[in-house]
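> Numbering (our numbering), first residue to last: 39 to 147. Just so it is clear, CB atoms sit at the ideal spot from N, CA and C, and this is done for glycine as well. Please read these numbers as outputs of a predicted model, since none were measured by experiment.
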């Protein structure tokens, strides 16, 4: 079910914020990246499904699902760069807008 997954995601979001508060006085920045569905060996079979392609075209804001480069790597490079020294306690959602309308539990589709 989705309970364990959703609970763990919420816990990581809160952990990011609390750690940012606690580490801030030491000038340690804490942020997290919440990736959406990206092409990988793990998702290869899922992303070949016609129903997912059709759902993506109808539902996802950017009408696409991602590849890890450059979407995630560019953000990561920015976050470790000195120019992001004023950024902490944020959860960066990189998902082409999939979470805007609310993502269904895939097992129910």
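Who pairs with residue 72 in a beta bridge, going by DSSP?
For residue 72, which the question treats as bridged, DSSP gives the partners 131.
> How do the region 108–126 and the region 57–76 stand: do at least 3 beta-carbon pairs fall below 8 Å, yes or no?
Short answer: they touch.
> Can you list the alpha helix (DSSP H) stretches of 4 or more residues lying completely in the region 44–94, in chain order?
Segments of the alpha helix (DSSP H) lying fully in the region 44–94: 82–85.
> Whether or not the region 42–55 and the region 81–93 are in contact is what I'm after, with contact meaning three or more pairs of Cβ atoms, one per stretch, closer than 8 Å; do they touch?
Output reads no: the region 42–55 does not touch the region 81–93.
> Within a Cβ cutoff of 7 Å, which residues of the same chain sit near residue 113, ignoring the five residues on either side of it in sequence?
Within the same chain, residue 113 has close Cβ partners 71, 130 and 132.
> How should residue 103 be labelled, buried or exposed, when 16 other C-beta atoms within 10 angstroms of its C-beta is the threshold for buried?
Answer is buried; the Cβ neighbour count reaches 16.
> Using the rule of at least 16 other Cβ atoms within 10 Å of the residue's Cβ for burial, across every protein chain shown, is residue 146 buried or exposed?
Annotation note: pLDDT 49 at residue 146 (below 50); position unreliable, no value reported.
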